[in-house]
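This report concerns only the one structure given below.
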Amino acid sequence: MAEKSKDLNKPTLTDVLPKDKDGESADTLTENYFAVSVLRDFILPDLLDKDTVELLYWAGKNLSRQLILDMESLPELFNKAGFGTLEIIKQTPSSYTYKLSGPEVAQRFDTNNDDPEFSLETGIIAETVEKTIAAYCLGTYTVNSKAKSVSIKIQIDRN
Numbered sequence: 001m002a003e004k005s006k007d008l009n010k011p012t013l014t015d016v017l018p019k020d021k022d023g024e025s026a027d028t029l030t031e032n033y034f035a036v037s038v039l040r041d042f043i044l045p046d047l048l049d050k051d052t053v054e055l056l057y058w059a060g061k062n063l064s065r066q067l068i069l070d071m072e073s074l075p076e077l078f079n080k081a082g083f084g085t086l087e088i089i090k091q092t093p094s095s096y097t098y099k100l101s102g103p104e105v106a107q108r109f110d111t112n113n114d115d116p117e118f119s120l121e122t123g124i125i126a127e128t129v130e131k132t133i134a135a136y137c138l139g140t141y142t143v144n145s146k147a148k149s150v151s152i153k154i155q156i157d158r159n
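No gaps in the numbering here: position 106 of the sequence shown is 106 in the UniProt record's numbering, and each next residue is one more.
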């Protein structure tokens, strides 16, 4: 039988959904958000432990391969999957920079205020860009705790 977590400071599953002024669950997030959050923010980190970031990045890349995405379909996928609002904010010959924001992202900052991670999303974007432009890509992300948003940079290696 699995041992129950002893960390009382960890957020609980019921903490994931925001509350309105009466303490009831608010309906501001997509229905998909709860399922995604439970898996990504609670179950997988317990299972993967210190390898969570790397494994979720590669899982994102693999998921992109299976979904046969292109760059134009990324914002719609992110919205439907409950990942948040994705927009490209900068494009150069050697990189793309995306911004991930919205209520789903803000909630992840509130739930995981110590260090929310976005490696799954980064992997999905990196592989999708790689497939679309036919050049090797590597993704990294930077969180902006104050704005509750994430900057995802995709570096392109055209050699």
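We put the CB at the ideal spot given by N, CA and C, even for glycine.
Q) What residues match up with Asp157 in a beta bridge as DSSP calls it? A) Answer by DSSP bridge pairing, in chain order: Tyr136.
- prompt: Could you give the residue range of the beta strand (DSSP E) that holds Glu76?
  reply: No beta strand (DSSP E) contains Glu76, which is instead part of the alpha helix (DSSP H) from Leu74 to Ala81.
Note to self: Please state whether the Cβ-Cβ distance between Thr122 and Tyr57 is less than 8 Å.
What the structure shows: Contact: yes.
- Which residue's Cα is closest to the Cα of Glu87: Pro93, Phe78 and Ser94? Nearest C-alpha to Glu87: Phe78.
Which value, in whole angstroms, describes the spacing of the CA atoms of Asp46 and Cys137?
-> Annotation: Asp46 to Cys137 spans about 29 Å, alpha carbon to alpha carbon.
* Asked: For Val150, which residues from the same chain have a beta carbon less than 6 Å from its beta carbon, with the 5 sequence-adjacent residues on both sides left out?
  -> These residues qualify, in order along the chain: Leu100, Phe118, Tyr141 and Val143.
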